[in-house]
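Taking mature numbering (1 follows the signal peptide of the UniProt record, and there is no 0), I'd label the letters of the sequence shown as residues -23 to -1, 1 to 188. Report on the structure given below.
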Amino acid sequence: MKKFKLIGLIMMALLLIGGCGNQKESAKDSNSTSSTKKHSSSKVKAKKTSSSIQSEQTSESSVSESTTSTSTATAMNFDEISSGNYSSLLGNWKIAATSLNHYDGKGSTWDTPYGTERLDVTSSQISNSDLTMQGTNLISNGETGIGNVKVEDGYLSIGGQTGAINWSIHFYPKGVPNDNWGDDVPTSIDINKDRIFIWTSNMAHTEVFER
């Protein structure tokens, strides 16, 4: 009898141990499944974040390209310039060449620019260090003259007088040759760019700007 009781107790103990083991395995499997889900969720979030960043970068690139194309200089509009609207001339103008009569018997000769010459252009005004043009009015040293407009050979000229000084401003679109400036026009003047020539009878001084 005692043997049967002992065997019964041993069997019950084994069953209890087996049950505990199964519960631990079940808990372990549950934890493993939960960990896998968390890892998978983390991957999805990472992919979404990466996709979002790429989308933002693409959007920023598109805006940058749009801004660049918007800032591109427009073609010279002679009708607008003649009426005092200089919007088609907006941009970065740089000195390309200068000419001056040094009264040394050689007449007007082309010189290397000092590099300090500048041309400022707004939608309603053009000015260098000596002359300002508003509409077709030429202003210099407190005196104002009315400019005469002429279009010939593909370029626009506006000329007039302030006091005893004559002035002329010539607008050359890209591709139009530098006519009427002699045979020794320096190669530093690029006809593939827009150009503005400003001439004054004071020492026959000429400044050439390019955009």
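Cβ atoms here follow ideal geometry from the backbone N, Cα and C, with glycine treated the same way.
Bounds of any beta strand (DSSP E) do not take in residue 171, whose DSSP letter is neither H nor E. Taking C-beta atoms as the reference points, residue 53 and residue 186 fail to come closer than 8 Å. In terms of CA proximity to residue 108, 140 leads the group 55, 80, 140. Judged by their CB atoms, residue 157 and residue 166 are not nearer to each other than the 8 Å cut-off.
Residue state for residue 65 is assigned as helix, using DSSP reduced to three classes.
Residue 118 is positioned such that its CB atom lies no closer than 8 Å to that of residue 137. Here residue 139 is bridged, per DSSP, to 142.
For residue 110, the pairing in a beta bridge is given by DSSP as 103, 115. DSSP places residue 57 in the uninterrupted alpha helix (DSSP H) bounded by 55 to 59.
Within its own chain, the residues whose Cβ lies closer than 8 Å to the Cβ of residue 123, once the five positions on either side in sequence are excluded, are 113, 114, 115, 137, listed in chain order. Non-local beta-carbon contacts of residue 110 in its own chain, meaning distances under 6 Å to residues more than five positions away in sequence, involve 103 in chain order. Under DSSP, residue 129 forms a beta bridge with 132. Rounded to the nearest angstrom, the gap between the Cα atoms of residue 179 and residue 86 is 14 Å. DSSP places residue 71 inside the beta strand (DSSP E), whose first and last residues are 71 to 78.
If the five residues before and after residue 90 are omitted, its C-beta is found closer than 6 Å to the C-beta atoms of 72, 75, all from its own chain and listed in chain order.
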